[in-house]
Every structure is written in C-alpha cells, then in structure tokens.
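Student:
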Amino acid sequence: PPTEPDDGHAFMGDIDDDILDAELAIPANLLGALGVLRLRAWGDYLNNSGVTKTLRLVVALGGVSLYDDTTGTLASDAQRAPWFVDVELQAPNSQQLQLGAARWGLGSPSTPAVGTGGLDGTQYVNTRSVLLAVGTLDMTAAQTLELKFAHSVAHASTSIRCQLATLEVLNP
C-alpha cells in the first residue's frame, strides 16, 4: 500500500491548510467499486498563545469536503499534545459513491517520561468521536485525499504538525 511520510509540516494560521501537503494522491481507478481507502495520520498540537483556541478539522476528497467540524475550546499550554485521525472510506458497489467513518483523538499536553502527551489527560477532552462522511466523487479519475486544519485565530505560538501519514487502498 502507498505510504507517504509528512515533513513535519507545521501550520499556525486561521485558514484551512492541507497538513498532508497534497501528498496523498489516489490514481484513477485505484479504488474499485467495493474498495476501501484507509488514512491514518498523527502528530502534535501546540497552543501556547495564552488564550483558549478552537481547532477545525476537514477531511476532503478531490477538493470536496466530506467532513467538517470544530473542537470545543482548547486551553493554552506550553507542552505539545498528541493527536491522531483515522479515516476509512468505502465505495459501496460504485466508484462514484463513498461512505465513510473516522476517529479523532487529541491527548493531554502533559510531559511523560518519554514521548509526547500523557495518560493523565484532564486538560483536553480525549475524544474518540466517530465522524461520518458521504461523498459522490468519481474515482475513475485521479483524486487527492486532504486532511485540513484551521485554528480559530492565527498566532505564532499555536501550531499543529503532522509527523506521519499512511494511506492504504484495499480492493477485494
């Protein structure tokens, strides 16, 4: 399966930015009529701005938003917090229809002995939201899978980085 590591792209602005840098291109006809796309991305988030912020998440395929929502307020903290997104899109007997679900998590910005984020997470809500998506893109044409983030207000001390992203394409 194709795997594209990200370059640690950091984003600090208040407009949608594809954190994957459009690196996850899906060639025409790669996703069959019963195929599945699986995206897993993770990295870290920093809000050291001194005020609470929100973070908007958009999953898009071929430039069309399949999912779009915003977190509750996230407190300011000098430590980075880990995050992950798992997205699965299936073509239910058609290359022109996608049904999908995703999970999103944002960990605590505490400092463990090794790594980023801690198991004591009380500052951020450790979400395991199930996100649902529906799309009608033609997968007989090449498409790009995007994972976009936007902060409520741009600030030099607020950033989100994607450390790694993988894309699997499964066809029965």
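Okay, so the sequence shown: first residue is 113 according to the numbering used here, each after it adds one. Every residue, glycine too, gets a C-beta built ideally from N, C-alpha and C. Predicted, not measured: the structure shown is a model, and the values here were computed from it.
1) Could you tell me which residues DSSP pairs with Ser-206 in its beta bridges?
2) Roughly how many whole angstroms lie between the Cα atoms of Lys-268 and Asn-205?
3) Contact criterion: CB-CB distance below 8 Å. Does Ala-153 meet it with respect to chain D?
4) Mind checking who Pro-91 pairs with in its DSSP beta bridge?
5) Would you mind giving the Cβ-Cβ distance between Gly-217 and Ser-188, rounded to the nearest angstrom? I have them listed as a contact below 8 Å.
6) Say whether the stretch 277–284 touches the stretch 170–180, bearing in mind that this needs 3 or more beta-carbon pairs closer than 8 Å, one atom from each stretch.
7) On a CA-only basis, which of Val-197, Gly-219, Val-170 is nearest Gln-191? Give me that one, please.
Tutor: Reading from the atomic positions:
1) In the DSSP output, where bridge partners are listed per residue, Ser-206 has none listed.
2) For the sequence presented, residue 268 should be read as Ala rather than Lys. Cα-Cα distance, rounded: 46 Å.
3) Note that chain D does not occur in the displayed structure, where there is just one protein chain.
4) Outside the shown range of the chain (113 to 284) lies residue 91, about which nothing can therefore be said.
5) About 20 Å; that fails the 8 Å criterion.
6) no
7) Gly-219
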